[in-house]
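I have placed the structure first, in the form of structure tokens, so that the comments after it can refer back to it.
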Amino acid sequence: MAYFHQTGKIVYEGAASKNPYSFKYYNPTEQIAGKSMKDHLRFSMSWWHTFTYGGGDPFGGATIHRPWDRSENDAERARERVFAAFEFMEKMQIGYFCFHDADLAPRRSNLLETNRVLDEIVAVIKQEMKRTGIQCLWGTSNCFGDDKFVHGAATSCNASVFAYTAAQIKKAIEVTQELGGENYVFWGGREGYETLLNTNTALELDNFARLLHMAVDYAKKIGFTGQFLIEPKPKEPTKHQYDFDAQTVLSFLRKYELEPYFKLNIEANHATLAGHTFQHELNMARINGVFGSVDANTGDPQLGWDTDQFPTGIYDTTLAMYEILQAGGFTTGGLNFDAKVRRASFEEDDLFLAYIAGMDTFARGLRVAARLLEDGVLEAFKEKRYESYTEGIGKDIVNGRVGFHELEAYALIHGATPNVSGRQEYLESLLNQYIFES
Ligand code: XUL
Ligand code: CO
């Protein structure tokens, strides 16, 4: 059954088009910096926000009542959702999807039954993947929604919950492998704590690492070659999430000798919750060689929680694409819209309009970022700014040829030479010029 018969395929019409159901900047086959826009951006749809979200908030229930959710039978609803999702992705020209186990199929009272229902839906998804050529970017397990995860999952004080978490993740990795997923994501939904009055953080962190090592071992055993990703987030749902930000996750991975097996999935709104910019988190991942994938969305500057809005800020997408291009672009990763429509945008058309807004903003960001890099204006400025490290004492520092003794001798003779301006305002207006003119 078709669920979006009122909407045709969304195609590129160019910036002059007034048709809201068209791309103004995303031209999938257009070559930019040696690659098609489609291959640069690797857009992905989030199953949860796009197909299971009902618009509920702490003050009110569902406002979004989807036609594919009409059946009384929950397994039937899950199956219809698959058809709706693939119709939507085809029409949107989205090549990938991401999922949690719990988004795909309803949970049953025991794991065996839950897994059986999941397998039935996975078989339908496989057929649709074959029919459309759409692929799986990543899978993950929802180890946060159910009651049993009240004290955490791998970091729960209850060892049987640790075991259940492992069992759930084992199955989710198997399903991701079955669907040819290019990555598997660990977002520590309730891996954190509320109060130190009842928490043994040392044991919880050791256990978290134990679970990840088990996942690495299991992936090797079954031949799952997808990339493991960790998605940092500083707070929400717990007050102190262990995977606070990129640098915190990196030091955790290094302490527990997990770094070779993991990269990062950077989410824009998680970066801002951590008090960083999206660009900062991407930069930290890039310079440490762990840039993996992106959850594309945005928060609200006035709201301090995870609003998961569709990204429409051209500065953010330009600077994000600037980092991504410098990282060499995506390999296994992509731009997954971990974003949902507002609860007042409850019509099916809003899904198309929201994705068009997000995809076009990233497409335009890619165009600007590619020009910025091609012209090298920012990189040339940085090169000049650090040029004192390319000769004389600076070169000796970088090459490890001097210590405190030699540096003291140098300082006694030369003092510190005068500093020059960082020219921030000039660079900001230069960036504007590229945004306005690209
Ligand atoms: C939650 C979040 C998750 C992860 C996957 O803030 O971003 O949806 O992306 O579990
Ligand atoms: Co996310």
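Just so we're aligned: 398 in the numbering used here is position 396 of the sequence shown, and the numbers increase by one with no gaps anywhere.
Glycine included, C-beta positions come from ideal geometry on N, C-alpha and C.
Note that the structure is predicted; figures quoted are calculated from it, not measured.
Verify the contact flag: residue i, CB atom, against every heavy atom of the ligand XUL, threshold strictly below 8 Å.
i	result
D398	no
G277	no
W189	yes
H102	yes
T134	no
E233	yes
S48	yes
E184	no
Quick one: grab the DSSP three-state call for residue i.
i	result
T333	coil
D310	coil
Y258	coil
L181	coil
Q33	strand
I66	coil
L2	What is shown of the chain runs 3 to 440, which leaves residue 2 out entirely.
T167	helix
Q435	helix
D41	helix
M47	strand
F25	strand
T363	helix
D148	coil
Report buried or exposed for residue i, applying the criterion of at least 16 other Cβ atoms within 10 angstroms of its Cβ.
i	result
R369	buried
I96	buried
N421	exposed
T314	exposed
A204	exposed
M3	exposed
T419	exposed
R366	buried
T319	buried
Q304	exposed
V152	exposed
K386	exposed
Q170	buried
Going by the DSSP bridge assignment, what does residue i pair with across the sheet?
i	result
N267	S295
C138	F99
N401	In the DSSP output, where bridge partners are listed per residue, N401 has none listed.
V187	L231
Y428	Answer by DSSP bridge pairing: none, since Y428 is not bridged.
F339	M47, A298
G194	Q243
Y14	F25
D59	G62
Shorter than 8 Å, the distance from the beta carbon of residue i to the closest heavy atom of the ligand CO, or not?
i	result
E410	no
H272	yes
D297	yes
D245	no
N267	yes
D318	no
D340	yes
Whose C-beta lies closer than 7 Å to the C-beta of residue i among residues of the same chain, with five residues either side of it excluded?
i	result
D310	H51, N271, N299, D340, A341, K342
H278	D247
A104	N144, G147
L374	Y324, L380, Y436
Going by beta carbon distance, what residues of the same chain come within less than 6 Å of residue i, once the five residues before and after it are set aside?
i	result
M91	M47, I136
Y55	K342
L260	L214
F146	G191, R192
N285	E325
Starting from the C-beta of residue i, find all residues in its chain whose C-beta is less than 8 Å away, skip the five residues before and the five after it, and write them out in chain order.
i	result
R109	T116, D148
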